[in-house]
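Going by my numbering, the sequence shown opens with residue 389, and the numbers climb by one from there.
Note that CB positions come from ideal geometry on N, CA and C, so glycine has one too.
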Amino acid sequence: MSKNLYIKTFGCQMNERDSEIIEQLLAQEGYVAIAEPEGADLILINTCSIREKAEQKVFSLLGSLRPEKQKNPKLLLGVTGCVAQQEGEQIRERMPHVDLIVGTQQIYRLPELLDRLSQGVTSKEIATNMEASFTIPPFQKLLNSAFPSPSSAAYGFKRFVTIMQGCDNFCSYCVVPGTRGREISRPMADILEEVEILVSQGVREITLLGQNVNSYGAANQVAEQPVNFPRLLREVAAIKGVQRLRFTTSHPKDLTEELMRCFAEIDNLCPHFHLPVQSGSNAVLRRMNRKYTVETYLEKVELLRRYRPDIALATDIIVGFPGETDNDFQATMDLLNHVRFHGSFSFKYSDRPHTRSVEFDDKIPEEVKSARLAMFQERQDAISLERNREYIGKKVEVMIEGVNEAGLKGRTAGNHMVHCADGATCLLPGDLATVHIQHAGKHSLKGVLEN
Numbered sequence: 389m390s391k392n393l394y395i396k397t398f399g400c401q402m403n404e405r406d407s408e409i410i411e412q413l414l415a416q417e418g419y420v421a422i423a424e425p426e427g428a429d430l431i432l433i434n435t436c437s438i439r440e441k442a443e444q445k446v447f448s449l450l451g452s453l454r455p456e457k458q459k460n461p462k463l464l465l466g467v468t469g470c471v472a473q474q475e476g477e478q479i480r481e482r483m484p485h486v487d488l489i490v491g492t493q494q495i496y497r498l499p500e501l502l503d504r505l506s507q508g509v510t511s512k513e514i515a516t517n518m519e520a521s522f523t524i525p526p527f528q529k530l531l532n533s534a535f536p537s538p539s540s541a542a543y544g545f546k547r548f549v550t551i552m553q554g555c556d557n558f559c560s561y562c563v564v565p566g567t568r569g570r571e572i573s574r575p576m577a578d579i580l581e582e583v584e585i586l587v588s589q590g591v592r593e594i595t596l597l598g599q600n601v602n603s604y605g606a607a608n609q610v611a612e613q614p615v616n617f618p619r620l621l622r623e624v625a626a627i628k629g630v631q632r633l634r635f636t637t638s639h640p641k642d643l644t645e646e647l648m649r650c651f652a653e654i655d656n657l658c659p660h661f662h663l664p665v666q667s668g669s670n671a672v673l674r675r676m677n678r679k680y681t682v683e684t685y686l687e688k689v690e691l692l693r694r695y696r697p698d699i700a701l702a703t704d705i706i707v708g709f710p711g712e713t714d715n716d717f718q719a720t721m722d723l724l725n726h727v728r729f730h731g732s733f734s735f736k737y738s739d740r741p742h743t744r745s746v747e748f749d750d751k752i753p754e755e756v757k758s759a760r761l762a763m764f765q766e767r768q769d770a771i772s773l774e775r776n777r778e779y780i781g782k783k784v785e786v787m788i789e790g791v792n793e794a795g796l797k798g799r800t801a802g803n804h805m806v807h808c809a810d811g812a813t814c815l816l817p818g819d820l821a822t823v824h825i826q827h828a829g830k831h832s833l834k835g836v837l838e839n
């Protein structure tokens with residue numbers, strides 16, 4: 389007898405992929421994913437703790453689900469992901485109506501944990517232990533006959549593929565080493581097998597995921613002979629049917645010229661690169677423990693653009709880091725104006741549990757952080773608009789993501805969203821089309837289809 393599963397996902401692409409894995413695992417136990425929490429037999433909140441605001445949203449949602457649990461005591465409510473790993477038992481103390489708390493390494497045990505709950509072996513389950521010997525299970529173990537076809541996903545033509553988990557960098561503000569553990573890379577053969585299976589199911593775009601993909605293969609053996617990330621990229625790109633290849637996220641200190649050459653030499657590697665800089669101040673970067681300088685970052689950006697002049701660069705920025713002076717923030721603005729990123733994700737610094745920066749002095753007042761963030765985002769919006777206007781009059785190849793009566797939307801290889809009012813009914817998600825760009829906004833482009 390089938391049961392209904394609702395998953396609410398917060399956070400990064402790693403969490404999105406983990407939610408897909410959870411769906412695959414539980415499909416084999418008779419669970420059917422539904423789009424709304426109403427009518428669910430199991431609700432899972434897959435959580436992110438990288439920012440304080442994301443964590444607050446999780447606890448707010450859990451609180452709002454208490455009446456549902458009271459109305460339907462058979463409803464199972466679980467928390468997975470980084471907040472589960474970080475808070476563990478404290479979640480049950482704050483939210484006693486939660487039945488299941490599962491950390492990042494333990495999601496593969498969900499069928500077993502749910503079975504224990506249903507059999508009455510226990511009334512609550514908490515599984516947050518982290519093991520030094522942890523490895524990501526082979527993809528075939530997640531498949532069986534219950535692998536959901538790509539058409540069941542929102543964008544079935546593109547999928548995430550996890551190539552590694554955890555991080556060994558220990559940036560002073562970051563919870564990832566504590567919530568996802570030390571760095572471990574998957575065997576290359578397992579990754580290639582997963583991509584081949586996805587392509588056989590109709591997937592056309594692959595995004596390789598890791599906390600720091602640049603260091604793939606550095607912490608553990610992934611093949612009989614040493615393999616690094618550029619080698620993995622070339623192997624995946626060579627698989628027949630992979631029309632577009634992307635990856636995220638990269639650490640600047642591990643960006644090599646060998647990887648830069650891939651953008652010039654691999655035809656289906658998209659010219660879009662997310663390279664988090666976090667700050668334009670060397671003093672702040674030292675306190676962040678980022679292990680590179682502004683100068684080395686800019687040198688790598690310059691060399692990268694020599695290899696791929698049309699590459700679209702994006703970044704992450706934290707404003708208001710402890711001790712950040714007006715001059716430090718101005719250095720970040722100077723870097724933004726120099727690099728002219730196509731887009732960025734920018735945030736106010738917030739203390740996170742078990743990080744070194746919690747103990748730092750000279751915390752920046754909230755109103756100062758807010759003012760700096762607004763100033764940065766206003767300038768980034770202006771640059772993004774200027775960058776997007778560079779495409780007006782050009783023809784770009786777009787992979788279709790949606791088609792309706794209002795037209796179509798798709799994405800360029802450079803990750804720009806494109807809208808067309810004259811959608812062609814013969815086009816389907818995953819199809820490629822040529823669009824003549826006629827208008828640019830801050831966050832998207834508009835154009836007409838070429839015949």
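Inter-residue spacing [alpha-carbon to alpha-carbon] between residue i and residue j
| i | j | result |
| --- | --- | --- |
| R547 | N792 | 22 angstroms |
| F661 | K830 | 18 angstroms |
| K396 | P753 | 33 angstroms |
| L663 | K459 | 47 angstroms |
| R497 | N517 | 12 angstroms |
| V564 | I438 | 8 angstroms |
| I825 | L761 | 31 angstroms |
| M483 | T681 | 43 angstroms |
| F709 | K751 | 7 angstroms |
| N608 | T523 | 10 angstroms |
| A442 | L432 | 16 angstroms |
| M389 | E417 | 10 angstroms |
| K834 | V756 | 36 angstroms |
| G795 | E785 | 16 angstroms |
| Q401 | A606 | 22 angstroms |
| D698 | P741 | 40 angstroms |
| M763 | V806 | 27 angstroms |
| R634 | P461 | 44 angstroms |
| D642 | Y419 | 41 angstroms |
| G451 | Y394 | 16 angstroms |
| M576 | F398 | 28 angstroms |
| S448 | R454 | 10 angstroms |
| V630 | L414 | 28 angstroms |
| M648 | P640 | 12 angstroms |
| E683 | S732 | 19 angstroms |
| L723 | V587 | 40 angstroms |
| I706 | G508 | 46 angstroms |
| N670 | R767 | 21 angstroms |
| A828 | H804 | 10 angstroms |
| K351 | N725 | As displayed, the chain neither begins before 389 nor continues past 839, which places residue 351 out of reach and without an answer. |
Extent of the continuous beta strand (DSSP E) to which residue i belongs
| i | result |
| --- | --- |
| S734 | 731-736 |
| M648 | Premise fails: M648 lies in the alpha helix (DSSP H), 645-653, not in any beta strand (DSSP E). |
| Q765 | Careful: Q765 lies outside any beta strand (DSSP E), inside the alpha helix (DSSP H) at 754-777. |
| G873 | Within the shown structure, residues of the chain are numbered from 389 to 839, placing residue 873 beyond reach of any answer. |
| K396 | 391-397 |
| L820 | 820-828 |
| L796 | 795-800 |
| H362 | Residue 362 cannot be examined here, being either before or after the span of the chain that is shown, 389 to 839. |
| K441 | Unbroken run through K441 is the alpha helix (DSSP H), 440-452; no beta strand (DSSP E). |
| L701 | 700-707 |
| M805 | 805-808 |
Residue i, enclosing alpha helix (DSSP H) - first and last residue
| i | result |
| --- | --- |
| V490 | Taken as a continuous stretch (DSSP letters only), V490 belongs to no alpha helix (DSSP H), being part of the beta strand (DSSP E) at 488-490. |
| L663 | Premise fails: L663 is in no alpha helix (DSSP H) and is neither H nor E. |
| V624 | 617-625 |
| I410 | 401-415 |
Residue i Cβ short of 7 angstroms to the ligand HEM heavy atom set
| i | result |
| --- | --- |
| E571 | Summarising the ligand content, the structure contains no ligands, and the ligand HEM is consequently not present. |
Residues bridged to residue i [DSSP beta-bridge criterion]
| i | result |
| --- | --- |
| I572 | Q553 |
| V467 | I433, I489 |
| I636 | The amino acid at residue 636 is misidentified as Ile; the sequence shows Thr. In DSSP, T636 forms a bridge with L597. |
| R547 | I594 |
| L657 | L633 |
| K459 | Looking at the DSSP assignment, K459 forms no beta bridge with any residue, so it has no partner. |
| E513 | L488 |
| N792 | G795 |
Contact under 8 angstroms by Cβ, residue i with residue j
| i | j | result |
| --- | --- | --- |
| R568 | G554 | yes |
| P659 | G466 | no |
| F729 | L686 | no |
| R678 | G711 | no |
| I551 | I495 | no |
| N392 | I422 | yes |
| T595 | T636 | yes |
| D819 | I771 | no |
| V591 | I627 | no |
Taking 8 angstroms as the cut-off, does the segment 680-693 touch the segment 732-747 (at least 3 CB pairs, one atom from each stretch)?
no
Using a Cβ distance threshold of 8 angstroms, determine whether the segment 555-562 contacts the segment 472-492, with at least three qualifying pairs required.
no
Is the segment 468-481 in contact with the segment 589-604, if contact means three or more CB pairs nearer than 8 angstroms?
no
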